[in-house]
Structure formats: structure tokens, C-alpha cells
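Report on the following structure.
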Amino acid sequence: MTLLGLLEREPSHGYDLKRDYDTFFSRGKSLPFGQVYATLGRLVRDGKIVVGEIEPGVGPERKRYVITDRGATEFESWLTEPVQAEPNLQTVLFTKVVLALMLDRPAEEYLDTQRATHLRRMKELTDIKRGGNLVDVMLADHGLFHLEADLHWIDTTAARLDALRTVVKG
Amino acid sequence: MKAIEARDVALSFGETPALRGASISVAPGEIVAIMGPSGSGKSTLLHCLAGILVPDAGEIHFDGHRIDTLSEQQRSILRRDQFGFVFQFGQLVPELTAEENVALPLLLGGVKRAAALNQARPWFERLGLGGLEGRRSGELSGGQAQRVALARGLVARPGALFADEPTGALDSLTGEQVMDLLVASAREQGTTVVLVTHEARVAAYADRQVIVRDGKVNALVHS
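These protein sequences, in sequence, are chains E and H.
Under the working numbering, the first residue of the first sequence is numbered 51, with each subsequent residue one higher.
Under the working numbering, the first residue of the second sequence is numbered 8, with each subsequent residue one higher.
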């Protein structure tokens, strides 16, 4: 869908699409050319893009891909549909806490370890932000806010462990 | 080598214990964040480390010297000469201009007014406050006032900077700018920083985080 969105901007060659994808979306994990052309082939097959003018030159011919009305409609629909808000009520961590309480294991220690792991990752992301460009900053922020939300849950759960133990143990 | 150390510190306010055997050590130039729930004792610990409060039991050391046994006057001199402070609401002196506020620790330390202001002025460019030197605190935004407070905390090149919720009154973006500047400036000067915050995103700027819970310090063990 990302490649479709890049083509909605303007007709492009596969090379340009890969370059723009790597610049804005890959974050250190470059998109292989093979995957770019496989995806473009699939989009052509499904009628979402077509091959426009072919530019002759030294080496292989360069195909310029153009989005179709069908592709544009599908992209628009994807873009405007909100991402599912996942309540994450059954996270692994939640399961661990409940099981730890059931089994008289040190739930608070598990939460402390998780808190430390979250904070370490937050520090890594903060370091990325401090040395990065705006794209890095925004991506790191996304991770930081999610980790922070998890930490709020960890802190609140730690404060409620005694009450939760009563509920779990019956 | 430790710049700051608390050993088994206890302090009660009346019948209410705030610290119950808290221990922490901070290396020279290190930036440590003290986190913890409300009422856990984290600000009380900061005030003990900074020589503002005297513990009922335990020891506080700065730069190899015990400071909790010093007289009130000696601690006051220590704070003036060796420590910088940043608080949640800036606490600038409203009657003074921004540059006079920044120069204040130098003036209190006996530096002549012209020299103190000369030392204060470069901080305005450094912290993105150029042109605001003559404003009073009421004419500054929250973020600007906090950057002035940061400059005031660091202008005398203190051995340690104590920051109590330095971004607590700011929105997250402005708070991050203040933290960015705090970390960069402290690193540049080699200043040891002890920071109290309840915000994990702020604590993530520190080299190390510890949690105060029920008046004791829990070092976070990174797995």
C-alpha cells in the first residue's frame, strides 16, 4: 500500500520508488529491489497500476508506473480508514502478571524488570531522536509514546498488585 | 569515584517517614534520573543530596566530603558555590530581568555586576533566547522561563545540577527542548546532574534511572 501511495503522488520508476521508500519508511532496513518489482508486478496484475511510457537508454529499459483509478480508490479507502485501535487487553505481560500472582511468584519483580527494559528502549529511542533528522524524531516519538503508555500501565498495575492478588487467588 | 553519594539516609516529617534507608551514588559527569510515584520520597532525596534538607540518619557526601554534618551556613555556601538548581516552575525573581536572573548566582558569589552580566549573556544565544535578555519573567513563555532557569542553574559552572521536575509545567515538545538543552549543556561543562521526574520520557534523557519506592532507592536492573 505504501508503494501505491508513492505512485499516487506521481508516476515513478521502480528505482525511485525504492529510494523514496528507503528514505521515509524503511529505517535502516532497505527494501530489496526484488520485493519492489514483485509488488509492482502484483499491482499491475490486479489492475491497480499500469506500465506507462518506457524510457529507452543504456542498460535495461526503464518502466514508469502509473496508478489507475482503481488503485487510487483503494489507496484512498486505506488512507481514510482509521487503524484499528487495539485495546491490548490480553498482552503477554498481563498474562504473566496474573499467572505470577496465581502461582505466588514475584509479580512485582517481573514488572520491575519490564520497566527497566522499557526504559532502556526509551533511552535508545531518545538517543536516536537527539542525533536524528525529523523523520527519525517522529518515528522515535511514536515508539516513545507507546512505551510510555505501557509504563503507565506497569506503574498502575504495580500499585494494584495486592488488590489483584486477592481477585486472582479468590 | 563518586561525585554524590547518599548512604542509608532516613528522614521523617513528624511521624511520617519520607526516606527509610535510601542509598544512591552518582559518578562525576553522570546524569541520573530519580523516578517514583507521588509521595515516594524522590524530591526529599533530591533535597537531601543538595544539602537543602538534613537527614535524621545516614550520610550525604559530595565530592568526597560529608555534607550532612555541615552547619546551615556552610551548606548554604556549598549550595551557592557548588550547586545549581532548576525547579518545576522556574522560580525566577520577577523584579529582575532575564539576564539579571541568569547572573544571580554569580552576583551572590561576589562577582561584580558587569562581569556577571557578561558571563550570563552568552547563555541566551546558546539556549535560543537571543533578544529576551531584558524581559522580566512575566513576559516570558513557560518554556523560555525554564530555559532562563536552566541558564541560571549552570552559569556558575556548578559541580552538580539538581533539577526537580524541570519539565513538569511544560508541554511535551517544549519539555523536550529544555531537556535537550539541559543534557547538552551539562555534558559540555561536565556537570553532574540529578534529576527528579515522574515522566519516563524525561528520564530517558538520563544516563541512568533509579526508582524511589517507599523511601528506598531501587536501582533499575536492565535485562
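Even glycine gets a Cβ: it sits at the ideal position worked out from N, Cα and C.
{"query": "Neighbouring residues, chain E, relative to residue 211 of chain H (Cβ below 8 Å)", "result": "169, 172, 173, 175, 176, 194"}
{"query": "Nearest neighbour of residue 84 of chain H, chosen from H:155, H:115, H:72 [CA to CA]", "result": "H:115"}
{"query": "Chain H contact residues for residue 190 of chain E, given Cβ-Cβ distances below 7 Å", "result": "Here the premise fails: no neighbours, minimum Cβ distance about 10 Å."}
{"query": "Entirely enclosed alpha helix (DSSP H) segments - the segment 115-176 of chain H, minimum 4 residues", "result": "120-127, 129-133, 149-161"}
{"query": "Beta strand (DSSP E) runs wholly inside the segment 34-93 of chain H, at least 3 long, in chain order", "result": "38-42, 64-69, 90-93"}
{"query": "Top-ranked residue by Cα proximity to residue 87 of chain E, from E:63, E:186, E:123", "result": "E:63"}
{"query": "Beta-carbon neighbours of residue 180 of chain E, restricted to chain H and to distances below 7 Å", "result": "187"}
{"query": "Chain H residues whose Cβ lies nearer than 7 Å to that of residue 201 of chain E", "result": "207"}
{"query": "Three or more C-beta pairs below 8 Å linking the segment 140-153 of chain H and the segment 100-118 of chain H", "result": "yes"}
{"query": "Simplified DSSP assignment, three categories, for residue 15 of chain H", "result": "strand"}
{"query": "Cutoff 7 Å: residue 196 of chain H Cβ touching any chain E Cβ", "result": "no"}
{"query": "Cβ-Cβ distance between residue 98 of chain E and residue 118 of chain E below 7 Å", "result": "yes"}
{"query": "Span of the beta strand (DSSP E) around residue 219 of chain E", "result": "Run containing residue 219 of chain E: none in the beta strand (DSSP E); it sits in the alpha helix (DSSP H), 211-219."}
{"query": "4 or more residues per run - each alpha helix (DSSP H) lying fully within the segment 101-133 of chain E", "result": "119-130"}
{"query": "Whether residue 16 of chain H touches residue 65 of chain H by CB criterion (7 Å)", "result": "yes"}
{"query": "For residue 82 of chain H and residue 234 of chain H, believed in contact at Cβ under 8 Å, the rounded distance", "result": "No statement about residue 234 of chain H is possible, as the shown extent of chain H runs from 8 to 230 and does not include it."}
{"query": "Residues that residue 212 of chain E contacts on chain H, provided the C-beta gap is smaller than 9 Å", "result": "Those within 9 Å of residue 212 of chain E in chain H number zero; the least Cβ separation is about 13 Å."}
{"query": "Residue 199 of chain E, DSSP secondary structure in three states", "result": "helix"}
{"query": "Any C-beta of chain H under 7 Å from that of residue 198 of chain E", "result": "yes"}
{"query": "Residue 141 of chain E in three-state terms, based on DSSP", "result": "coil"}
{"query": "Cutoff 7 Å; reference residue 231 of chain H; Cβ partners in own chain excluding five residues on either side", "result": "Because residue 231 of chain H is not part of the residues shown, which for chain H are 8 to 230, the question remains open."}
{"query": "Chain-order list of residues whose beta-carbon lies under 7 Å from that of residue 216 of chain H (same chain, five-residue window excluded)", "result": "40, 42, 210, 227"}
{"query": "Min CB distance residue 230 of chain H to chain E below 7 Å", "result": "Model confidence at residue 230 of chain H stands at a pLDDT of 43, short of 50, so the residue's coordinates are unreliable and nothing is read from them."}
{"query": "8 Å CB neighbourhood of residue 63 of chain H in its chain, flanking five on each side removed", "result": "17, 18, 19"}
{"query": "Contact with chain E by residue 184 of chain H, beta-carbon distance below 7 Å", "result": "no"}
{"query": "Reduced DSSP secondary structure (H/G/I, E/B, other) of residue 225 of chain H", "result": "strand"}
{"query": "Cβ-based neighbour list, residue 68 of chain E, same chain, cut-off 7 Å, excluding 5 preceding and 5 following", "result": "81, 83, 86"}
{"query": "Spatially closest choice to residue 96 of chain E from E:70, E:51, E:132, E:104, by CA coordinates", "result": "E:51"}
{"query": "Alpha-carbon to alpha-carbon, residue 158 of chain H and residue 164 of chain H", "result": "10 Å"}
{"query": "Reference residue 156 of chain H; option with closest CA among H:26, H:192, H:122", "result": "H:192"}
{"query": "At least three beta-carbon pairs within less than 8 Å, the segment 201-208 of chain E to the segment 161-176 of chain E", "result": "yes"}
{"query": "For residue 29 of chain H, the residue or residues it bridges with in DSSP", "result": "H:16"}
{"query": "Burial state of residue 56 of chain H (16 or more Cβ within 10 Å)", "result": "buried"}
{"query": "For residue 4 of chain H, the residue or residues it bridges with in DSSP", "result": "The requested residue 4 of chain H does not occur in the structure, where chain H is confined to residues 8 to 230."}
{"query": "Through-space distance from residue 172 of chain E to residue 188 of chain E, alpha-carbon basis", "result": "14 Å"}
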